[in-house]
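Engineer:
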Amino acid sequence: MLVVEGSRCLDTALAFGAEPTALLTAAEPRDPDALRSLVAACAERWPSCEITEVDREVLAWAVSVQSQVDAVGIVRRAEHPLPTLTGQVHRALILEDLGDPGNVGSCIRSAAAAGADCVVLAGHCADWSNPKTVRGSAGTVFALPVTSAAGVAEALAALDLPGIGTDAAGTVLIHQAGPRERFALVLGSEVRGLSEGAVAACQELLAIPMARGVESLNVSAAAAVCLFQLCRP
54 MLVVEGSRCL
64 DTALAFGAEP
74 TALLTAAEPR
84 DPDALRSLVA
94 ACAERWPSCE
104 ITEVDREVLA
114 WAVSVQSQVD
124 AVGIVRRAEH
134 PLPTLTGQVH
144 RALILEDLGD
154 PGNVGSCIRS
164 AAAAGADCVV
174 LAGHCADWSN
184 PKTVRGSAGT
194 VFALPVTSAA
204 GVAEALAALD
214 LPGIGTDAAG
224 TVLIHQAGPR
234 ERFALVLGSE
244 VRGLSEGAVA
254 ACQELLAIPM
264 ARGVESLNVS
274 AAAAVCLFQL
284 CRP
């Protein structure tokens, strides 16, 4: 079961196959039309979903961050253990030790938008089921398989894909990298980058050139740049 916050995020989650079991709605919504549409869809498609109208103060207590949302839902999502993805994935994103759920969610959103087949959270990443991760993904955590692995090497072996890491010392600049039919892009945390083991497991290292002495990009921005370059037609 996952908690999904906000009408738009819930709309996206439901469009990608999430099944709602309970829905809390604001008695005085900021966007009545959007909430009305969401409630109608849930009532029609999932009649067993419990829909409860509550005061905004109660709804605020249920969300992970201080924000004005009109709905919070509890939904089911299919599990995707790593071994079940073997032979099914051609383009993947592997994240290593990303502890910030917002960054993990944003990376998942970029992967879904670029056309990746799955996201693997390796090592000590924020949980994909964390409400902040779901919120950061804008509901796209339901758009593609998201799973976990003990480490990058294990993930690459299970997916049977060549690893492409990102590093400031990479030998190939991102704009020189052509589209790939099969790959797993590997990204580390902004502070530590990729571990030595992850670098050793990758077959290639890409670098993103930056101007004005800027040292690094936010990891979700780096994910978007690299994924759209590698996934382009």
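54 is the number of the first residue of the sequence shown in this note's numbering; add one for each residue after it.
We put the beta carbon where it would ideally sit given N, CA and C, even for glycine.
Predicted model only: the values in this text are computed from it and were never measured.
Can you tell me whether arginine 144 is helix, strand or coil according to DSSP?
Structural biologist: Position 91 of the sequence shown, counted from the start, is the residue given in the question as residue 144. Reduced to three states, the DSSP call for arginine 144 is strand.
Engineer: To the nearest angstrom, how far is it from the Cα of leucine 238 to the Cα of aspartate 84?
Structural biologist: The residue given as residue 238 occupies position 185 in the sequence shown. The residue given as residue 84 occupies position 31 in the sequence shown. The alpha-carbon atoms of leucine 238 and aspartate 84 are separated by roughly 38 Å.
Engineer: Provide the residue span of the beta strand (DSSP E) that contains leucine 151, from first to last.
Structural biologist: Sequence index remark: in the sequence shown, residue 151 carries index 98 (1-based). Looking at the DSSP string, leucine 151 is not in any beta strand (DSSP E), and its letter there is neither H nor E.
Engineer: Can you tell me the Cα-Cα spacing of asparagine 156 and glutamine 119, whole angstroms?
Structural biologist: For the purposes of this step, residue 156 is taken as the residue at position 103 of the sequence shown. For the purposes of this step, residue 119 is taken as the residue at position 66 of the sequence shown. Approximately 18 Å between the Cα atoms of the pair.
Engineer: How would you call asparagine 271, buried or exposed, if buried means at least 16 neighbouring beta carbons within 10 angstroms?
Structural biologist: Taking the first residue of the sequence shown as position 1, residue 271 is located at position 218. Looking at its Cβ environment, which holds fewer than 16 other Cβ atoms inside 10 Å, asparagine 271 is exposed.
Engineer: Please report the straight-line C-alpha distance between glutamate 132 and serine 248, rounded to a whole angstrom.
Structural biologist: By one-based count along the sequence shown, residue 132 stands at place 79. By one-based count along the sequence shown, residue 248 stands at place 195. The alpha-carbon atoms of glutamate 132 and serine 248 are separated by roughly 28 Å.
Engineer: Sort out for me which residues DSSP pairs isoleucine 161 with in a bridge.
Structural biologist: Translated into positions along the sequence shown, residue 161 becomes position 108. Note: isoleucine 161 sits in no beta bridge, so no partner.
Engineer: Which whole-angstrom value is the C-beta distance of leucine 63 and alanine 124, which I expect to be below 8 Å?
Structural biologist: To locate residue 63, count along the sequence shown from 1; it is residue 10. To locate residue 124, count along the sequence shown from 1; it is residue 71. 6 Å between Cβ atoms; contact.
Engineer: Please report the straight-line C-alpha distance between cysteine 171 and alanine 115, rounded to a whole angstrom.
Structural biologist: For the purposes of this step, residue 171 is identified with residue 118 of the sequence shown, where counting begins at 1. For the purposes of this step, residue 115 is identified with residue 62 of the sequence shown, where counting begins at 1. Cysteine 171 and alanine 115: Cα-Cα distance of roughly 29 Å.
Engineer: Between which two residues does the alpha helix (DSSP H) holding leucine 88 run?
Structural biologist: Locating residue 88 in the sequence shown gives position 35, where the first residue counts as 1. Per DSSP, leucine 88 belongs to the alpha helix (DSSP H) from 85 to 98.
Engineer: Consult DSSP for isoleucine 104 and reduce its assignment to one of helix, strand or coil.
Structural biologist: Counting from 1 along the sequence shown, the entry for residue 104 is found at position 51. Isoleucine 104: strand per DSSP, three-state reduction.
Engineer: Who does glutamate 257 pair with in a DSSP beta bridge?
Structural biologist: Looking up residue 257 in the sequence shown gives position 204. Ile217, per the DSSP bridge assignment.
Engineer: For arginine 61, which of helix, strand or coil comes out of DSSP?
Structural biologist: Looking up residue 61 in the sequence shown gives position 8. Arginine 61 falls in the helix class under three-state DSSP.
Engineer: With three or more beta-carbon pairs closer than 8 Å as the criterion, would you say the stretch 144 to 161 touches the stretch 206 to 216?
Structural biologist: Result yes; three or more Cβ-Cβ pairs closer than 8 Å.
Engineer: Quick one: what's got a C-beta closer than 8 Å to arginine 109's C-beta in the same chain, skipping five residues either side?
Structural biologist: Here residue 109 corresponds to residue number 56 of the sequence shown, with the count starting at 1. Here the set comprises Ala79, Ala80, Glu81 and Gln121.
Engineer: Consult DSSP for valine 118 and reduce its assignment to one of helix, strand or coil.
Structural biologist: Within the sequence shown, numbered from 1, the residue matching residue 118 stands at position 65. Valine 118: coil per DSSP, three-state reduction.
Engineer: Just checking my contact of proline 232 with lysine 185 at CB under 8 Å: how many whole Å lie between their CB atoms?
Structural biologist: By one-based count along the sequence shown, residue 232 stands at place 179. By one-based count along the sequence shown, residue 185 stands at place 132. The Cβ separation is near 32 Å, so there is no contact.
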